[in-house]
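Colleague: Numbering (our numbering), first residue to last: 70 to 331. Here a beta-carbon is modelled for each residue, glycine too, at the ideal position from N, C-alpha and C. Predicted model, so just to flag it, every value in this text is computed and none were measured. First the structure, then my questions, so here it is.
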Amino acid sequence: MAQDNPADEERSGGIQVISRAATILNALGKHPQGMSLGAIANEVDLPRSTVQRIVAALAEEGLVRSEGSGGVRLGPTLLKLVSTVHTDVIAIASPFLRQLCDNTQETVSLGRASGRQIANIHSIVAERELRVVPRVGLNLPIYSTSGGRALLSLKTDEEIRIIVGDVLEPATENTVRTLDSLLEKIARVRESGISLEEGETVNGVTTLAIAIDTILGRYSVSVLFPTARRAAKESQIREALLECKKALIGEIGKLGEPHVSG
């Protein structure tokens, strides 16, 4: 008759705690406004007492923080780790973005979704007289930018409805105005793998973008150029973007193609 091994039991228990802690952190990541212990327990389907013990341990390490009536939120230690990941992604992606900039002779931007907005976390500006110069750290509407729509294409239509909402504030007279129109545009992005917007965020500027889904997170790569050059350059830029996507995913690693349905 086999006997229980205390070491195996301890190891199994440790793995279970780690799994539960990860589940709680994922739940908090979906609710940046904070969650009560009871809400967390309901979300992750664990007893409140278990959640309380795990949250207390995570708080000691700075991975979560409790703010009284504000509930439990992700903590500063975890946010520092996320910031480090961004730095790593920029370091890894920069040579590929530089190659894309050289191949297209246009400005290239690396973006990351932030709620209803997309943040430009790194850019390489083309060395030519007439060019687009985005500001690093600039947040733009996720629904009007090609990079934002590329990232939205990785989500389901229902998730997009929750993120974007019913009101799409126009950045220009060309900005998509309704959620249904946005979903139609995103459906085309899913088909082609490339997102296009022309003058929807800034008049006179066209952008093409792809999204990459990697072990370090989801990012967009956009090429920004004056609309006057679209007819002559769109085909070349599309090809260069797809080559860049393949190279980046190969370098960073891939989570796997997401299965998206409406």
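With DSSP run on the structure shown, which of helix, strand or coil describes glutamate 267?
Modeller: The answer is strand: DSSP assigns glutamate 267 an E or B state.
Colleague: Please list the segments of the beta strand (DSSP E) lying wholly inside the segment 201 to 265, counting only runs of 3 or more residues, in order along the chain.
Modeller: With a minimum length of 3 residues, the continuous beta strand (DSSP E) runs that stay inside the segment 201 to 265 are 208 to 210.
Colleague: Assess, as a yes-or-no matter, whether the segment 182 to 199 is touched by the segment 166 to 173 under the definition of 3 or more beta carbon pairs within less than 8 angstroms.
Modeller: Contact holds: three or more Cβ-Cβ distances are below 8 angstroms.
Colleague: Spell out the partners DSSP gives asparagine 189 in its beta bridges.
Modeller: In the DSSP output, where bridge partners are listed per residue, asparagine 189 has Gly180.
Colleague: Should alanine 125 go down as buried or exposed, given a rule of 16 or more other Cβ atoms within 10 Å for buried?
Modeller: By the 10 Å Cβ count, alanine 125 comes out exposed.
Colleague: Let me know the secondary structure DSSP gives valine 290 once reduced to three states.
Modeller: If DSSP states are grouped into helix, strand and coil, valine 290 belongs with the strands.
Colleague: If you draw a straight line from the alpha carbon of alanine 345 to that of threonine 173, how long is it in whole angstroms?
Modeller: The displayed coordinates of the chain run from 70 to 331. Any statement about residue 345 would go beyond what the structure contains.
Colleague: On the criterion of 16 or more Cβ atoms from any shown chain inside 10 Å, does asparagine 272 qualify as buried, or is it exposed?
Modeller: Classification of asparagine 272: exposed, given that the 10 Å Cβ count is below 16.
Colleague: Note down the Cα distance separating aspartate 226 from arginine 298, rounded to an integer number of angstroms.
Modeller: For aspartate 226 and arginine 298, the distance between alpha carbons rounds to 32 angstroms.
Colleague: Using a 10 Å radius around the Cβ and a threshold of 16 neighbouring Cβ atoms, would you call alanine 182 buried or exposed?
Modeller: With 16 or more other Cβ atoms within 10 Å, it is buried.
Colleague: Taking only runs that begin and end inside the segment 109 to 180, name each unbroken beta strand (DSSP E) of 3 or more residues, in chain order.
Modeller: Listed in chain order, the complete beta strand (DSSP E) runs (minimum 3 residues) inside the segment 109 to 180 are 133 to 135 and 141 to 143.
Colleague: Between Lys302, Arg185 and Leu209, which lies nearest to serine 178 when the distance is taken from Cα to Cα?
Modeller: When each option's Cα is compared against that of serine 178, the closest is Leu209.
Colleague: Can you check which of these residues, Ile123, Leu97 and Ile232, is closest to glutamate 112 by C-alpha distance?
Modeller: Selected option, being the one with the closest Cα: Leu97.
Colleague: In three-state DSSP terms, what is alanine 195?
Modeller: Of the three classes helix, strand and coil, the one that applies to alanine 195 here is coil, per DSSP.
Colleague: Tell me which same chain residues have a C-beta within less than 7 angstroms of the C-beta of leucine 199, skipping the five on either side of it?
Modeller: Pro295.
Colleague: Taking the beta strand (DSSP E) that alanine 316 falls in, what are its first and last residues?
Modeller: No beta strand (DSSP E) contains alanine 316, which is instead part of the alpha helix (DSSP H) from 299 to 321.
Colleague: If the criterion is Cβ atoms closer than 8 angstroms, does the pair isoleucine 123 and isoleucine 93 meet it?
Modeller: In this structure, isoleucine 93 lies closer than 8 angstroms to isoleucine 123 by Cβ.
Colleague: Mind reading off the beta-carbon distance from arginine 218 to serine 264? Whole number of angstroms is fine, and I expect it under 8 angstroms.
Modeller: The pair is a contact, with the Cβ atoms about 4 angstroms apart (cut-off 8 angstroms).
Colleague: Look up valine 274 in the DSSP assignment and give the residues it is bridged to.
Modeller: Its beta-bridge partners are Pro295.
Colleague: Note down the Cα distance separating isoleucine 318 from valine 292, rounded to an integer number of angstroms.
Modeller: Those two C-alpha atoms are separated by around 18 angstroms.
Colleague: According to the neighbour-count rule (16 or more other Cβ atoms, all chains shown, within 10 Å of its Cβ), is lysine 315 buried or exposed?
Modeller: Answer is exposed; the Cβ neighbour count stays below 16.
Colleague: Between alanine 309 and leucine 147, what straight-line distance do the alpha-carbon atoms span, to the nearest angstrom?
Modeller: Approximately 35 angstroms between the Cα atoms of the pair.
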